[in-house]
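Notes for the one structure printed next.
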Amino acid sequence: MRLSRLNIKKINLNDIDKNYSGQDILMKLGELYQYESGIYGYGNLWTKLERIVENIIIEELDKVGCIQVEFPKLQPKKIWEQSNRWDMYTKEGDIMFTLDNNLGEYGLAPTAEECATLFGAARLPSYKNLPAIYYQIGEKFRKEIRTRGYLFRPRTFVMMDAYSFDKTEEDMKKTYDLMHEAYLNIFKRLDIKIMPTVSDNGVIGGSVAEEFQVATKLGEDTVLYDEEQNLGINKEVLEFDNKDDYLKQLNITDTSKLKEYQAVELGNNFQLGTKYSESMKLFFTDENGNNKPYYMGCYGIGLGRIIACLIENNVIRKDDKVKGFALPYKIAPYKVQIIYNENNKDKAEFLYKELTDNNINAIIDDRENLTIGNRINDVYVLGTPKMIILGNKFDGENYCIENTKDNFTDTVKVSEIVDYFKNL
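Residue numbers (full-length UniProt numbering): 1 to 424.
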């Protein structure tokens, strides 16, 4: 990518939101555009990062046999009435955007249990067709009265939501455990230290639920976490009358031994049981020819929140001032930023071509009207993890590769530069 084509704005880092510095940098660059509270457009950097996160999710879900599909975002009222959730989402909770005209009443989907149950029942009429897990990745809508933290709590957001179908409760639990492991692999590949957390079922329903939380001072949730078990509990459930039922899931008798974190929820899983198949009267035929309800699970991951956390948790500060951010190398859309002076333009172009020809995504800063110092500053605001500066000290034989996050440098021979990046 040639940086001149991104048309990023010049920004003043002294005027950055102290709480949400990373996302505010993208706002001021023009890489995030706010149409109104909670509704955003996304620039090149965010979009490419979203594709990377999406591909990791797809790869890990494919490994456990999930099938990618797509459900409508505009959903008719009648299917939500079948599950008795229309009033719950439009009146009691008031969290779904609705449309009412001469064509009928519809909702803009915040979730898709009803659509998934109908879809699954049409494709899975027999016990011979089970188990099955369907998932989609796409935009969701939520009528947030109090939006917060840019993409931490918006009104439109991109989400992966999956729905599993099994013959028995035991099989449902096996699928649930399978998805749990898939989630752990996803977050490991994203370089996110995740905290699986026992939680309330909320409006989704079902018998068992867990959240996947990441520790951050920006979080609204409070998690009590056991490092040894790699398992925690959302503190809110300790206020419930049945709190002991939740603690039993963790074999915990003394919560004072758990470490407390502020956290943000990046994903959640639910054991739904037969809640939706029974309420919607959708069944499969078992081995004896009898109609039986599907045992279901649902699973969600918020891609926007993941990206927001990756950016905010990697903000760089110097003397309490925001300098920028540096994304983890493995998931960064652009691995290295090339900066050069006028005497080294041809060598910079050669390096850029060599890297891109070998599928190493690089940015060349071709804005020759700017000083090298100004261009170095923009490495930090784009989150590029490494930079190569071809300035007066460049000897033509060795590249000096600098880590954006800690300024640690590697010296690599010109002839070995491709191997260096391939082996990271």
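Think of the CB as a built atom: it goes at the ideal place given N, C-alpha and C, for glycine as much as any other residue. Treat the numbers as computed from the prediction; the structure is a model and nothing was measured.
Counted within 10 angstroms of its Cβ, other Cβ atoms place Leu424 as buried (16 or more) or exposed
Walking along the sequence shown from the start, residue 424 turns up at place 424. Exposed, because fewer than 16 other Cβ atoms sit within 10 Å of the Cβ of Leu424.
When Asn44, Ile11, Ala112 and Ala121 are compared against Thr285, the one with the closest alpha-carbon:
Along the sequence shown, read from residue 1 onward, the residue named residue 285 stands at position 285. For the residues Asn44, Ile11, Ala112 and Ala121, the minimum Cα distance to Thr285 belongs to Ala121.
Under a Cβ-count criterion, where at least 16 other Cβ atoms within 10 Å of its own Cβ denotes burial, should Gly304 be classed as buried or exposed?
Taking the first residue of the sequence shown as 1, we reach residue 304 at position 304. Gly304 comes out buried.
DSSP three-state call for Tyr276: helix, strand or coil?
Here residue 276 is taken as the residue at index 276 of the sequence shown, counted from 1. Helix.
Excluding the five sequence neighbours on either side, which residues of its own chain have a C-beta within less than 7 Å of the C-beta of Trp86, listed in chain order?
Here the question's residue 86 lines up with position 86 in the sequence shown. Correct list, in chain order: Lys77 and Trp80.
Separation of Tyr33 from Ile11, as counted between CA atoms
Stepping through the sequence shown from its first residue, residue 11 is reached at position 11. Stepping through the sequence shown from its first residue, residue 33 is reached at position 33. About 15 Å.
Could you tell me the boundaries of the beta strand (DSSP E) in which Cys400 lies?
Here the question's residue 400 lines up with position 400 in the sequence shown. Counting along the chain, the beta strand (DSSP E) containing Cys400 begins and ends at Asn398 to Asn403.
Decide if the region 151 to 165 is in contact with the region 290 to 301; the criterion is three or more beta carbon pairs, one per stretch, under 8 Å apart.
yes
Using the Cβ count rule (16 or more neighbours within 10 Å means buried), how would you classify Arg375?
Mapped onto the sequence shown, residue 375 falls at position 375. Buried.
Closest to Lys275 by C-alpha separation, out of Asn230, Asn288 and Glu169, would be which residue?
Stepping through the sequence shown from its first residue, residue 275 is reached at position 275. When each option's Cα is compared against that of Lys275, the closest is Glu169.
Which residues DSSP lists as bridging Arg153, in chain order
For the purposes of this step, residue 153 is taken as the residue at position 153 of the sequence shown. Partner(s): Arg148.
Going by the DSSP bridge assignment, what does Phe165 pair with across the sheet?
Sequence index remark: in the sequence shown, residue 165 carries index 165 (1-based). In DSSP, Phe165 forms a bridge with Ala132 and Met296.
Three Cβ pairs or more, each shorter than 8 Å: is that satisfied between the region 174 to 192 and the region 137 to 157?
no
Rounded to the nearest angstrom, what separates Ser4 and Tyr334 at their Cα positions?
Here the question's residue 4 lines up with position 4 in the sequence shown. Here the question's residue 334 lines up with position 334 in the sequence shown. If I take the Cα positions, the gap works out to 15 Å.
Which runs of the alpha helix (DSSP H) fall wholly inside the region 158 to 244 and span at least 4 residues, in chain order?
169 to 189
Identify the continuous alpha helix (DSSP H) that holds Asn55 and give its terminal residues.
In the sequence shown, counting from the first residue as 1, residue 55 sits at position 55. Taken as a continuous stretch (DSSP letters only), the alpha helix (DSSP H) holding Asn55 covers Asn44 to Lys63.
Could you give the first and the last residue of the continuous alpha helix (DSSP H) run that contains Glu81?
Translated into positions along the sequence shown, residue 81 becomes position 81. Lys77 to Gln82 is the extent of the alpha helix (DSSP H) around Glu81.
According to DSSP, what are the bridge partners of Asp100?
Start at 1 with the first residue of the sequence shown, and residue 100 comes out as number 100. Asp100 pairs with Glu105.
Kindly indicate the opening and closing residues of the beta strand (DSSP E) around Lys323.
Within the sequence shown, numbered from 1, the residue matching residue 323 stands at position 323. Element bounds for Lys323: Lys321 to Phe325.
Would you say Gln337 and Thr411 are within 9 Å of each other, going by their C-beta atoms?
Taking the first residue of the sequence shown as position 1, residue 337 is located at position 337. Taking the first residue of the sequence shown as position 1, residue 411 is located at position 411. No, the Cβ-Cβ distance between Gln337 and Thr411 is not below 9 Å.
With 16 other CB atoms within 10 Å as the buried threshold, where does Val203 fall?
The residue given as residue 203 occupies position 203 in the sequence shown. Residue confidence for Val203 is low, a pLDDT of 49 falling below 50, so the modelled location carries little weight; the figure read from the coordinates is stated next. Val203 should be labelled exposed.
How about Tyr225 and Lys259: do their beta carbons lie closer than 9 Å?
As a working mapping, residue 225 is identified with position 225 in the sequence shown. As a working mapping, residue 259 is identified with position 259 in the sequence shown. Cβ atoms of Tyr225 and Lys259: closer than 9 Å.
Could you tell me which of Ile25, Ile8, Glu114 and Met1 sits nearest to Val322, measuring between CA atoms?
If you number the sequence shown from 1, residue 322 lands on position 322. The shortest C-alpha separation from Val322 is found at Ile25.
Going by beta carbon distance, what residues of the same chain come within less than 6 Å of Asn358, once the five residues before and after it are set aside?
Taking the sequence shown and counting its residues from 1, the one referred to as residue 358 is at position 358. The residues are Val418.
Give me, in chain order, the residues of the same chain whose beta-carbon lies closer than 6 Å to that of Tyr340; leave out the 5 immediate sequence neighbours on both sides.
The count along the sequence shown starts at 1 and reaches residue 340 at position 340. Correct list, in chain order: Ala348 and Leu390.
Who are the Cβ neighbours of Lys167 in its own chain at under 6 Å, not counting the five residues just before and after it?
As a working mapping, residue 167 is identified with position 167 in the sequence shown. The residues are Tyr127 and Leu130.
Limits of the alpha helix (DSSP H) - the one that residue 426 falls within
A query on residue 426 cannot be resolved here, the shown segment of the chain reaching from 1 to 424 and no further.
Among residues of its own chain, excluding the 5 on either side of Val69, which ones have a beta-carbon nearer than 6 Å to its beta-carbon?
What you label residue 69 is simply residue 69 of the sequence shown in a count that begins at 1. Within the same chain, Val69 has close Cβ partners Tyr134 and Gln136.
Classify Thr90 as helix, strand or coil using the three-state DSSP reduction.
Locating residue 90 in the sequence shown gives position 90, counting from the first residue. Helix at Thr90.
Terminal residues of the continuous beta strand (DSSP E) containing Ala112?
Along the sequence shown, read from residue 1 onward, the residue named residue 112 stands at position 112. Segment: none, Ala112 is in no beta strand (DSSP E) and carries neither H nor E.
Could you pull the DSSP bridge partners for Leu32 from this structure?
Residue 32 sits at position 32 when you count from the first residue of the sequence shown. Leu32 pairs with Tyr42.
Tell me which residue opens and which closes the alpha helix (DSSP H) that Ala362 is part of.
Taking the first residue of the sequence shown as position 1, residue 362 is located at position 362. That residue, Ala362, is in no alpha helix (DSSP H); its beta strand (DSSP E) goes Ala362 to Ile364.
If we ignore side chains and look at the alpha-carbon of each, how far apart do Lys18 and Glu54 end up?
On the sequence shown, residue 18 is found 18 positions in, with the first residue counted as 1. On the sequence shown, residue 54 is found 54 positions in, with the first residue counted as 1. Spanning the two alpha carbons is a distance of roughly 29 Å.
Cβ distance (whole Å) where Val264 is taken to contact Leu29 below 8 Å:
In the sequence shown, the residue the question calls residue 264 occupies position 264. In the sequence shown, the residue the question calls residue 29 occupies position 29. Rounded, the Cβ-Cβ distance is 23 Å, inconsistent with contact.
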